[in-house]
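Those letters in the sequence shown? Residues 631 to 829, per my numbering, in order.
Contents: one structure, followed by commentary.
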Amino acid sequence: MCKVMVMTGIKESALALDFMKEVAPNMSIGNTDGIGYSAINSKNELFMEKWHNNKHFLNTDDVVDQATVEALKPFENRIGKLPLNYTNFGTVTRDDLRTVTMHTRYATCGKTFENTHPFIEGDTSLIHNGVISNAYALGLNKNSTCDSENALQLYVKEKTALTKSPELLQNYLDQLKGYWAFAFLAKNNKGIYQLSVVS
């Protein structure tokens with residue numbers, strides 16, 4: 631099973647970052663198929679980083695990001711295509727953390743980087759542990775083969791974060807079959823990021 635960690639109410643970013651560094655190796659035991667985190671900063675901005683190799687966590691020196699893949703594209707016939715193994719979203723501000731969701735992956739479907747958590751759609755982030763058995767019947771995946779992405783796409787499509795309605799959340803959950811724990815970072819109807827944990 632994947633492992634998830636959620637922190638909110640962070641007042642000292644350095645302490646939170648140190649904690650993330652400390653728990654990453656333990657979260658990676660048996661979960662070596664990717665690691666990542668999403669965060670909200672004090673300016674109400676979402677950002678994310680993820681790595682395909684858990685040993686690279688919080689290190690961007692030895693990784694192949696999209697800019698590197700694009701820069702080396704003219705040389706693919708000589709060196710081969712480099713696999714993307716790091717990506718980020720938003721303006722990464724590790725020194726300004728207020729809420730963090732973190733995930734290590736145990737792959738139950740493709741071990742590709744595209745299936746590494748967190749997943750981001752627009753202004754919504756998802757980490758997930760569990761299995762959604764009807765995910766592919768929903769047919770919502772855009773970028774991966776992971777059931778988690780279907781859960782995110784449905785959450786966004788149903789506008790679940792925009793209201794505090796328990797009925798809307800229940801309607802969302804009723805469409806999913808399986809077992810799960812989700813952590814969403816999403817804007818509410820006032821444009822403020824909120825953390826929602828559902829299991």
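C-beta: ideal position from N, C-alpha, C; glycine also.
Here the structure is a predicted model, which means the values were calculated and not measured.
Boundaries of the beta strand (DSSP E) harbouring Lys633: Lys633 to Thr638, taken from the DSSP string. Here Ala791 is buried. Its C-beta has 16 or more other C-beta atoms within 10 Å. Across the structure, Leu815 and Ser795 are spaced so that their CA atoms are roughly 17 Å apart.
With a cut-off of 8 Å on Cβ pairs, the segment 741-749 is in contact with the segment 655-667, counting three or more such pairs.
Going by DSSP, Lys787 is part of no beta strand (DSSP E) but of the alpha helix (DSSP H) stretching over Asp777 to Lys787. The shortest C-alpha to C-alpha distance from Ile822 to any of Thr742, Lys641 and Ser672 is the one to Ser672. Considering only Asn759, Leu645 and Val693, the residue with the shortest C-alpha distance to Phe743 is Val693. Three or more Cβ pairs closer than 8 Å define a contact, and the segment 673-689 meets that threshold against the segment 709-725. Given a length threshold of 3 residues, each whole run of the beta strand (DSSP E) inside the segment 738-772 is given here in chain order: 749-751 and 754-762. If you draw a straight line from the Cα of Thr638 to the Cα of Glu675, it comes to about 14 Å. Excluding residues up to 5 positions away in sequence, Ile709 and Leu712 lie with their Cβ nearer than 8 Å to the Cβ of Leu702 in the same chain.
Of the candidates Gly740, Tyr766, Thr738 and Cys776, the residue whose Cα lies closest to the Cα of Leu756 is Cys776. DSSP, read as helix, strand or coil, puts Asn656 in helix.
Residue pairing for Lys680: DSSP places it in a beta bridge opposite Gly666 and Thr717.
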